[in-house]
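Data block below; observations after.
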Amino acid sequence: MPRRPPSSRPPRRDGDRPSPRSRRDGDAKTARGPQRNAPAAGRGDRDRAEGKRPDSKRAENRRPENTRPENRRPGTRSPDGRQRDARRPAERRAGGSRPGTNRKVIDGAAALLDAITQSGDPADRVRHAWMRQHHRAFDAAERTALIGLSEDVLRQRGKLDWWLTEAGAEPDNALRVAAHRILVSGAKPDNLLWLFEQPDAVAPVLRKLDGHTLEHPKMPQAVKHSVPEWILPHLKERFGADLELELGAMLRPAPLDVRINPLKTTRAAAEAALAAEELRSQPTPFSPLGLRLSPQAYVNNTQAYAEGLIEPQDEGSQLAAQLVDAKGAKFVVDFCAGAGGKTLVLAAAMQSTGRLVAIDISSGRLQQARLRLRRAGAHNAECRAIEPKWLKRHRELADRVLVDAPCTGTGTWRRKPDAKWRLTPQDLEELVPRQAEILDRAARLVKPGGRLVYVTCSVLLDENERQVEAFLRRWPDFAVLPVTEVWPQTIGGACPVPGPYLSLSPGRHGTDGFFAAILVRSA
Numbered sequence: 012m013p014r015r016p017p018s019s020r021p022p023r024r025d026g027d028r029p030s031p032r033s034r035r036d037g038d039a040k041t042a043r044g045p046q047r048n049a050p051a052a053g054r055g056d057r058d059r060a061e062g063k064r065p066d067s068k069r070a071e072n073r074r075p076e077n078t079r080p081e082n083r084r085p086g087t088r089s090p091d092g093r094q095r096d097a098r099r100p101a102e103r104r105a106g107g108s109r110p111g112t113n114r115k116v117i118d119g120a121a122a123l124l125d126a127i128t129q130s131g132d133p134a135d136r137v138r139h140a141w142m143r144q145h146h147r148a149f150d151a152a153e154r155t156a157l158i159g160l161s162e163d164v165l166r167q168r169g170k171l172d173w174w175l176t177e178a179g180a181e182p183d184n185a186l187r188v189a190a191h192r193i194l195v196s197g198a199k200p201d202n203l204l205w206l207f208e209q210p211d212a213v214a215p216v217l218r219k220l221d222g223h224t225l226e227h228p229k230m231p232q233a234v235k236h237s238v239p240e241w242i243l244p245h246l247k248e249r250f251g252a253d254l255e256l257e258l259g260a261m262l263r264p265a266p267l268d269v270r271i272n273p274l275k276t277t278r279a280a281a282e283a284a285l286a287a288e289e290l291r292s293q294p295t296p297f298s299p300l301g302l303r304l305s306p307q308a309y310v311n312n313t314q315a316y317a318e319g320l321i322e323p324q325d326e327g328s329q330l331a332a333q334l335v336d337a338k339g340a341k342f343v344v345d346f347c348a349g350a351g352g353k354t355l356v357l358a359a360a361m362q363s364t365g366r367l368v369a370i371d372i373s374s375g376r377l378q379q380a381r382l383r384l385r386r387a388g389a390h391n392a393e394c395r396a397i398e399p400k401w402l403k404r405h406r407e408l409a410d411r412v413l414v415d416a417p418c419t420g421t422g423t424w425r426r427k428p429d430a431k432w433r434l435t436p437q438d439l440e441e442l443v444p445r446q447a448e449i450l451d452r453a454a455r456l457v458k459p460g461g462r463l464v465y466v467t468c469s470v471l472l473d474e475n476e477r478q479v480e481a482f483l484r485r486w487p488d489f490a491v492l493p494v495t496e497v498w499p500q501t502i503g504g505a506c507p508v509p510g511p512y513l514s515l516s517p518g519r520h521g522t523d524g525f526f527a528a529i530l531v532r533s534a
């Protein structure tokens with residue numbers, strides 16, 4: 012459905028007029044930015060529609076515990092240190108002032124989703140670029156609500172599209188945002204018609220949603236879990252009886268995990284440093300290097316981050332890297348290093364001794380890795396592009412080789428909900444042979460008695476267990492070393508999986524979905 016054209020200037024804070032839409036081209040062609048999860052907004056409409064007093068403690072009225080510098084605004088601080096909204100209560104209650112009902116937020120969320128759809132790039136990159144361009148049009152609470160609304164629309168898109176299709180419409184982002192406001196927040200359809208260029212055409216569709224919630228017993232299973240239909244058999248095969256548990260967990264926002272840098276600090280000291288900046292954290296249950304914060308937390312503007320004391324990294328990723336057991340190794344290769352997240356774990360385990368080589372095909376990602384290694388104080392690592400000559404010269408010399416293989420990313424859907432809608436069956440068909448080729452190239456670097464550690468952030472059997480089984484058939488001089496035998500000396504405590512592989516999932520372990528196999532070459 013066509014949307015109402017944008018006005019030439021941003022609307023005032025009272026929300027009487029919609030904000031200008033972003034330019035539809037060029038928003039996403041910028042550098043990668045940090046990912047940020049924000050709470051869903053606008054949950055108070057149902058109470059107001061029923062004449063109830065809105066609960067001031069709900070997420071849409073709370074400020075996040077920490078925000079980007081440009082998101083901060085003047086105000087007072089409460090005893091717990093949180094920034095309060097400086098406006099008077101009457102002003103906060105004025106029409107359109109609540110972030111969840113503000114027209115600017117609703118219009119902005121639709122514009123941001125359009126930019127994400129048109130770009131095809133990961134949503135976090137597009138969102139970061141779009142917010143940098145448009146952040147002055149919104150105050151801090153509006154920015155938080157806008158991001159939360161757009162992310163929840165991506166997360167629940169399968170259900171929203173089902174409702175819109177049932178109502179006789181072809182879903183687009185403006186309709187999805189309006190449907191979310193009606194089905195999740197109880198907004199009235201007629202109060203959302205301003206969003207569209209042809210409100211009379213849209214009104215019958217939105218009115219069919221009035222009085223309903225997001226769930227419906229007639230929804231097909233893939234719709235119920237808001238996943239693409241084609242991938243549901245793969246997920247059933249992987250999770251079996253735990254399917255409801257796991258896919259339900261994937262629909263919830265992920266917490267923010269950070270890894271402390273043992274080269275510079277301890278977990279207790281890093282926790283105290285974050286607390287000094289008004290960020291509450293607690294130790295992760297499995298990783299001895301991890302701290303967990305709320306989904307709304309943002310740490311990249313903290314002193315602890317600037318000094319290299321912490322790095323954002325999911326606990327599952329931390330565990331997979333620690334299982335490489337790089338401590339005391341003389342020569343370690345991170346074969347698909349990317350931006351160096353796991354390289355940092357290896358460098359810390361090696362205590363900046365020995366030789367650590369981070370390899371990737373992307374010069375841009377390697378440059379990010381160099382900057383992160385420098386900030387962390389890791390002096391034994393070098394970053395280089397993959398070169399056949401270099402690989403040949405270092406054949407059978409590495410003590411440890413980590414392969415963090417490109418994959419479908421199905422384990423990260425709670426953190427990157429847009430990824431599931433960009434994934435296609437062809438992607439999976441192309442990734443499996445590519446992973447096999449990378450494994451074969453990396454295996455040639457492993458010396459007799461050395462280890463090859465294969466890691467993905469996927470939950471699919473084709474990319475994980477079956478990939479390893481196929482590798483072992485091609486390379487009979489490698490064998491699986493059960494993760495339960497490596498866990499005690501690398502991580503400590505009780506191993507949360509029975510082995511032989513590390514297989515983590517959001518529902519059972521509270522981490523992203525991660526897989527790791529430790530393969531030892533015979534001496």
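Residue numbers are given in my numbering: position 31 of the sequence shown equals residue 42, and the series is strictly consecutive.
Backbone N, C-alpha and C fix where the C-beta goes; we use that ideal spot for every residue, glycine too.
Please work out which residues of its chain come closer than 8 Å, Cβ to Cβ, to L204, disregarding the five sequence neighbours upstream and downstream, and give them in chain order.
-> P210, V213, A214 and L217
What does S514 pair with, by DSSP beta-bridge criteria?
-> F526
Helix or strand or just coil, what does DSSP make of T276?
-> coil
Consult DSSP for Q209 and reduce its assignment to one of helix, strand or coil.
-> coil
Quick one: what's got a C-beta closer than 6 Å to A331's C-beta in the same chain, skipping five residues either side?
-> V466, F525 and A527
So, are the CB atoms of K353 and L413 less than 8 Å apart?
-> yes
Whole-angstrom C-beta distance between Q446 and A416, which should lie under 8 Å | 5 Å
Residue closest to E476, alpha-carbon to alpha-carbon, out of D132, L513 and A198 = L513
Are any of the Cβ atoms in chain C nearer than 8 Å to that of D438?
-> No chain C appears in the structure shown, which is made up of a single protein chain.
Give the range of the alpha helix (DSSP H) segment to which T501 is assigned.
-> V494 to T501
Could you tell me whether the Cβ atoms of I158 and R138 are closer together than 8 Å?
-> yes
Check the DSSP bridge columns for D345 and list the partner residues they point to.
-> A369 and L413
Bridge partners - V11, DSSP secondary structure assignment | The structure shown does not extend to residue 11, since the chain spans only 12 to 534, so no value can be given for it.
Simplified DSSP assignment, three categories, for I397 | coil
Helix, strand or coil: which one does DSSP assign to D125?
-> helix
Under 8 Å Cβ to Cβ from R462, same chain only, skipping five residues before and after it: list those, please.
-> V335, D336, D410, R411, V412, L492, I529, L530, V531 and R532
For Q359 versus P273, is the C-beta distance shorter than 8 Å?
-> Before going on, a small fix: residue 359 reads as Ala here, not Gln. Closer than 8 Å, so yes.
Taking only the alpha-carbon atoms, compute the straight-line gap between L515 and L471 and give it to the nearest angstrom.
-> 12 Å
Identify the continuous alpha helix (DSSP H) that holds L225 and give its terminal residues.
-> Premise fails: L225 is in no alpha helix (DSSP H) and is neither H nor E.
Whose C-beta lies closer than 7 Å to the C-beta of W241 among residues of the same chain, with five residues either side of it excluded?
-> P436
Can you pull the DSSP bridge partners for L267?
-> L304
Using CA coordinates, which residue listed in F207, G169, F482 and P200 is at the minimum distance from A121?
-> F207
What is the DSSP secondary structure of E282, reduced to helix, strand or coil?
-> helix
For F250, which of helix, strand or coil comes out of DSSP?
-> helix
Taking DSSP as the reference, what is the three-state secondary structure of E318?
-> coil
For R381, collect the residues of the same chain with a Cβ closer than 6 Å to its Cβ; drop the 5 residues on either side in sequence, then sort them by chain order.
-> C394
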